[in-house]
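This report refers to the structure that appears directly beneath it.
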Amino acid sequence: SPAAKRSLKRRMLTPPPLWARREAVPKAPTAVTAAASLAAALEEERASVRADLGPPGPSPLLAEALLEQAMIGPSPNPLILSYLKYAISSQMVSYSTVLTAITWSRFSPHPSCHGKAEECISLCRALMSALNWLLRCAAFYTEKVKETLEQAAAESQLKMCLERLEKMLSSTKNRALIHIAKLEETSSWSTVEQSLLKLGENLNSLSNSPLRSQADSCVSLIKSIPTMLSVHSEQLNKTGFPTVHAVVLLEGTMNLTGDTQPLVEQLMMVKRMQHIPSPLFVLEIWKACFVGLIESPEGTEELKWTAFTFLKVGPSPGPQDFTEDVNCAFEFLLKLTPLLDKADQRCNCDCMSLLLQECGKQGLLSETNMTNLTDKRKHAPRLKSAENANIQPNPGLILRAEPTVTNILKTMDADHSKSPEGLLGVLGHMLSGKSLDLLLAAAAATGKLKSFARKFIKLNEFTKHIANGESSKGASVRALLFDISFLMLCHVAQTYGSEMILSESSPAGEVPFFETWMLTCMPEEGKILNPDHPCFRPDSTKVESLVALLNNSSEMKLVQMKWHEACLSISAAILEILNAWENSVLTFESIQKITDNIKGKVCSMAVCAVAWLVAHVRMLGLDEREKSLQMIRQLATPLYGENTLQFYNERVVIMSSILEHMCADVLQQTATQIKFPSTGMDTIPYWNLLPPKKPIKEVLTSMFTKVLEKGWVDSHSIHIFDTLLHMGGVYWFCNNLVKELLKETRKEHTLRAVELLYAIFCLDMQQLTLTLLGHILPNLLTDSSKWHTLMDPPGKALAKLSVWCALSSYSSHNKGQASARQKKRHREDIEDYISLFPLDDTQPSKLMRLLSSNEEDANVLSSPNRSMSSSLSASQLHTVSMRDPLNRVLANLFLLISSILGAKTAGPHTQFVQWFMEECVDCLEQGSRGSILQFMPFTMVSPAAATSFPQLAGCSGAPVPRHRHVQGSPTARLPSLQRHSGSVVFLLSPGRFRSW
1 SPAAKRSLKR
11 RMLTPPPLWA
21 RREAVPKAPT
31 AVTAAASLAA
41 ALEEERASVR
51 ADLGPPGPSP
61 LLAEALLEQA
71 MIGPSPNPLI
81 LSYLKYAISS
91 QMVSYSTVLT
101 AITWSRFSPH
111 PSCHGKAEEC
121 ISLCRALMSA
131 LNWLLRCAAF
141 YTEKVKETLE
151 QAAAESQLKM
161 CLERLEKMLS
171 STKNRALIHI
181 AKLEETSSWS
191 TVEQSLLKLG
201 ENLNSLSNSP
211 LRSQADSCVS
221 LIKSIPTMLS
231 VHSEQLNKTG
241 FPTVHAVVLL
251 EGTMNLTGDT
261 QPLVEQLMMV
271 KRMQHIPSPL
281 FVLEIWKACF
291 VGLIESPEGT
301 EELKWTAFTF
311 LKVGPSPGPQ
321 DFTEDVNCAF
331 EFLLKLTPLL
341 DKADQRCNCD
351 CMSLLLQECG
361 KQGLLSETNM
371 TNLTDKRKHA
381 PRLKSAENAN
391 IQPNPGLILR
401 AEPTVTNILK
411 TMDADHSKSP
421 EGLLGVLGHM
431 LSGKSLDLLL
441 AAAAATGKLK
451 SFARKFIKLN
461 EFTKHIANGE
471 SSKGASVRAL
481 LFDISFLMLC
491 HVAQTYGSEM
501 ILSESSPAGE
511 VPFFETWMLT
521 CMPEEGKILN
531 PDHPCFRPDS
541 TKVESLVALL
551 NNSSEMKLVQ
561 MKWHEACLSI
571 SAAILEILNA
581 WENSVLTFES
591 IQKITDNIKG
601 KVCSMAVCAV
611 AWLVAHVRML
621 GLDEREKSLQ
631 MIRQLATPLY
641 GENTLQFYNE
651 RVVIMSSILE
661 HMCADVLQQT
671 ATQIKFPSTG
681 MDTIPYWNLL
691 PPKKPIKEVL
701 TSMFTKVLEK
711 GWVDSHSIHI
721 FDTLLHMGGV
731 YWFCNNLVKE
741 LLKETRKEHT
751 LRAVELLYAI
761 FCLDMQQLTL
771 TLLGHILPNL
781 LTDSSKWHTL
791 MDPPGKALAK
801 LSVWCALSSY
811 SSHNKGQASA
821 RQKKRHREDI
831 EDYISLFPLD
841 DTQPSKLMRL
851 LSSNEEDANV
861 LSSPNRSMSS
871 SLSASQLHTV
881 SMRDPLNRVL
891 ANLFLLISSI
901 LGAKTAGPHT
911 QFVQWFMEEC
921 VDCLEQGSRG
931 SILQFMPFTM
941 VSPAAATSFP
951 QLAGCSGAPV
961 PRHRHVQGSP
971 TARLPSLQRH
981 SGSVVFLLSP
991 GRFRSW
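Residue numbers (the UniProt record's numbering): 1 to 996.
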């Protein structure tokens, strides 16, 4: 000991007293005296050491002392451990004493590290090594248990191993650290998996059931480590999900022609974000379809919903293990008897049975389940009345129309010049009754409408070719083919959108006539036409000849008539005729004769004439509109005579529907009424929805309040919201709805409001997300006078809504998906996001140093003058286009969040940031790539951990050591990790770390 050494040294160096020196002269030599003194000192030292270490033999106290000293600091001290190794080799201590000293140490289930990032990664590695060692020990003792002589001892040792494993793995934080180590050393994790496999093989022979149960629990915990991101608790206390309901209603009402895959991905994202159990998720889809069927207006909308339910949603194939969920959903649906009865009454058939048949065809239901479900619905009341007994049910008609569409497409592929009369007969049958709407709905629901339209454009172009010596019969057939194809294309454009007509990429050649006319001359919602545009002013000689033909002939000639030129010239001809009428050159009787000539043979000329008149009326004063409107009325009135061409009545019905759509805006503005021929249905079902003389803000707030009280959005409300969005603009719409959300003070109301707002925002998710994340949130977070509005619960709800919108927009944006309604919507001018969020990349080398450094300077974090590039990962600079508005908005939002976390001022805005990040990681998908969290700066991780998130500051899928060091450091610093919502979530996403 140090005291003994000092005593020995003092004795050797201190000279003896005088009396001793006098006596020593005649006695023993000096060397003998010194040796005796040294021996006495050594004996005293041994006695002191024996007193310190206890009885003779290897000392456990020495082993404990060395171990205790070695474990001081963030990592074991290799020098002290080398002393311990030397002590074992020199037999000063034995292996048993060292192991005994280890057992005396208290086991900590919450190891932590406050050192550098490399030391924190070492802790992760050490935990995985300890896990592997314990697994090997457990596997070894499960083998020993088989031996009868050592069974009791082996079970005792196995019990201790399993207890240690259980203590280690029961900590969520420990499993998270092991998860990081798994990413750091995949080979070591493979060893763990091998040990786990060996342990699992031996467990089957374990007779001790408590031990086997304990071991199974440990094995399941280890197997859950790679899937920690995807573990969520099921919401079993909730059965209604208004977001799913509204998304399905929105798709069925406004986007029947859209691809199925984007709808599936959107619904699956909602399911993942809201953690909806699969059976209830499928049930909500069926409920929405039946509600849409019941409340849809008669006519085209009803046929659309029927096609959506039975052709688009019903037959959509699912994964192989999806059948049980579908069966369970149908079991739940059978309990909703009033809903099914109402649907059966509306459709005049057993809707459930038809839906089950379609699901069975796609393999979504087994034969046994389908028979069982059908039998349960057999005794339902058949609510057929005498009035509708002879009416064929729409679902049956739609299902039969689907193969008919395929046959018509094949017929349209044939050479039209060989048998134009036969083709005309097919088209004539399509025009009868509601056949056309049935076929179009079936084609739209099955994704064939665009092909359908292209075939009719090709047919319309075919009529340009006029044979030499054309007969009157051939001319009549050609005129009818032109007219029917023109009317059908107009009807498709008005019912399903003009994007169904336009070709994806026009070949280097002549643009088809109908496409040209539709883009330049056809009135549409939100499209203002200039009546003086050159498209309405063709060759003057052709116009003059057409005017002369209309004015002088008793009826329109057909032979050698170029119908596409006549349709392009009719607008200028109508202008000449209108001027002549206004100047009293022509009488009303002459105008009647001219309009009869226009509409007498082909209805398409009347459509083109009215299209120009609608644009012309918009530019006139109130006192100048009378004659133009009177001419529209004359053109819309059918001509009943004997000299009309074949299928005239059927063509007039389609023409009237087209003209009614064209004139709706003008008639409303001029307070004029024009009676169009009745088609037996409401041709414009969702028209003029807003109440008169009421500010649109009041309409918006009252409608949102009504929807919130009901708890779900119906088709009527969706169209009102769509009209308000179109009228008020994206910023006005989003800002006012967010204000309504922030007014709510009850937790259940805010959660319901978020679900409904997300569904409403699906009307134009991309633009509304840009406005929400780029304008509204930054204003709320940077204005201290508004921080009080971000308190719980409305602030937490707004954070949830923001994350949901960001994830949905980013996911669909990356795949280039935009629905038809979003492409069609007229856009207002929005601020240039490049100028709004400037990008400073003038110092790339400095930027790379910032991204790769381990420094976490608080001044850098809180500096408001950082360039946007400092918030980006290096991977983004190479793979993410920062010229894209959505990417810029996300990057700047995370830059703002990073500044808030690094600032010294805390408040509701700081709490909002925490909620935002928690929701981000809670919505992550296991193994996902390209999450919005890739826009989070590296330097933001430690401030995030400092706010004591209940979630783990960690990540998944990091291929670069620098990234794992960033993730491991804050994780290892946490003393423990709580569980939140039954799940373990990570602050950094896999997509956040792409290779340089």
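Ideal Cβ placement from N, Cα and C applies to all residues, glycine included.
Alpha carbon to alpha carbon, what distance is there between residue j and residue i?
i, j, result
"L199", "I760", "53 Å"
"V291", "M619", "43 Å"
"L409", "F310", "21 Å"
"G422", "L558", "20 Å"
"L502", "K464", "19 Å"
"I577", "W517", "21 Å"
"L61", "E163", "26 Å"
"M168", "M160", "12 Å"
"T100", "L67", "11 Å"
"L427", "R272", "47 Å"
"S209", "L196", "19 Å"
"F308", "G258", "11 Å"
"L354", "E301", "20 Å"
"T910", "T782", "11 Å"
"V282", "P338", "19 Å"
"E470", "P420", "13 Å"
"H749", "W712", "12 Å"
"L645", "S476", "7 Å"
"F704", "L742", "13 Å"
Look up residue i in the DSSP assignment and give the residues it is bridged to.
i, result
"K167", "K167 pairs with nothing; no bridge assigned."
"E524", "K527"
Return yes when the Cβ of residue j is within less than 9 Å of the Cβ of residue i, no when it is not.
i, j, result
"A572", "V607", "no"
"T701", "V889", "no"
"I932", "V738", "no"
"F330", "L267", "no"
"L405", "A442", "It is Val, not Leu, that sits at residue 405 in the sequence shown. Result yes, Cβ atoms of V405 and A442 sit closer than 9 Å."
"R125", "E193", "no"
"P523", "D722", "no"
"S604", "F462", "no"
"I632", "V652", "no"
"D483", "W612", "no"
"N348", "N407", "no"
"A138", "T97", "no"
"K599", "M655", "yes"
"A615", "P531", "yes"
"L280", "F241", "yes"
"L256", "A493", "no"
"W286", "G252", "no"
"L689", "H716", "yes"
Whole-angstrom Cβ separation of residue i and residue j, contact assumed at under 8 Å?
i, j, result
"V247", "C762", "6 Å"
"L365", "V326", "6 Å"
"A609", "I570", "5 Å"
"M128", "S188", "6 Å"
"L293", "D437", "No, L293 and D437 are not in contact; Cβ-Cβ is about 16 Å, not under 8 Å."
"Y95", "I88", "7 Å"
"N735", "I696", "Wrong, their Cβ atoms sit about 13 Å apart, outside the cutoff."
"A799", "F676", "Wrong, their Cβ atoms sit about 51 Å apart, outside the cutoff."
"L134", "L158", "With 8 Å as the limit, L134 and L158 do not qualify as a contact, their Cβ atoms being about 11 Å apart."
"P908", "H788", "6 Å"
At a cut-off of 8 Å, is residue i close to the ligand SAH when judged by its beta-carbon and the heavy atoms of the ligand?
i, result
"T172", "This structure lacks the ligand SAH; in fact it carries no ligand of any kind."
**Study point:** alpha helix (DSSP H) segments (min. 4 residues) lying fully within the region 374–451
**Key:** 394–412, 420–431 and 435–445
**Study point:** Complete runs of the alpha helix (DSSP H) confined to the region 624–654 [at least 4 residues]
**Key:** 626–636
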